Structure formats: C-alpha cells, structure tokens
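These notes concern the structure reproduced below.
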Amino acid sequence: MAEQSLSGLTEQQAKEFHEQFKVTYTAFVGLAALAHLFVIAANPWW
22 MAEQSLSGLT EQQAKEFHEQ FKVTYTAFVG LAALAHLFVI AANPWW
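Per the working numbering, residue 22 is the first one in the sequence shown, and the count goes up by one each step.
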C-alpha cells in the first residue's frame, strides 16, 4: 500500500498534480500579463 501524506495524495499523485499546476499557473500568469499590457497600451498613464 502506498503511503499517503496529510493531503491524502500519494507521492506519485502529488507529482502529477504539481506538473498540471505548473502548466495552469504559467498560463494564468501569461494571460494576466497580456491583459495588463493591453490595458497599458489602451490607456497609458504617462
């Protein structure tokens, strides 16, 4: 039986979750940065 941590995930499940989390987080940050650039381009404050 695989040992589980406090989160209830095995080490393999945690690694799989982390890989997907990295992809999702990178996409979110990229889209947020793009949105900020569009706002700055449309309405510069200088």
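No residue lacks a Cβ here, since even glycine has one placed at the ideal position from N, Cα and C. Remember, it's a predicted structure, so these values are computed and weren't measured experimentally.
Exercise for the section: Give the secondary structure of glutamate 1 by DSSP, where H, G and I count as helix, E and B as strand, and everything else as coil. Expected result: No answer is possible for residue 1: the residues shown for the chain start at 22 and end at 67.
Practice task
Compute the Euclidean distance between the alpha carbons of leucine 30 and tryptophan 67, then round it to the nearest angstrom.
Solution key: The count along the sequence shown starts at 1 and reaches residue 30 at position 9. The count along the sequence shown starts at 1 and reaches residue 67 at position 46. Taking the straight line from one Cα to the other gives about 50 Å.
Handout entry: Reduced DSSP category for leucine 27 - H, G, I as helix; E, B as strand; rest coil
Key = As a first step, residue 27 is located in the sequence shown; it is residue number 6 there, counting from the start. In this structure, leucine 27 counts as coil in the three-state DSSP scheme.
Practice task
Would you kindly work out how many angstroms separate the C-alpha atoms of alanine 35 and leucine 55, rounded to a whole number?
Solution key: What you label residue 35 is simply residue 14 of the sequence shown in a count that begins at 1. What you label residue 55 is simply residue 34 of the sequence shown in a count that begins at 1. Cα to Cα, the separation comes out at about 30 Å.
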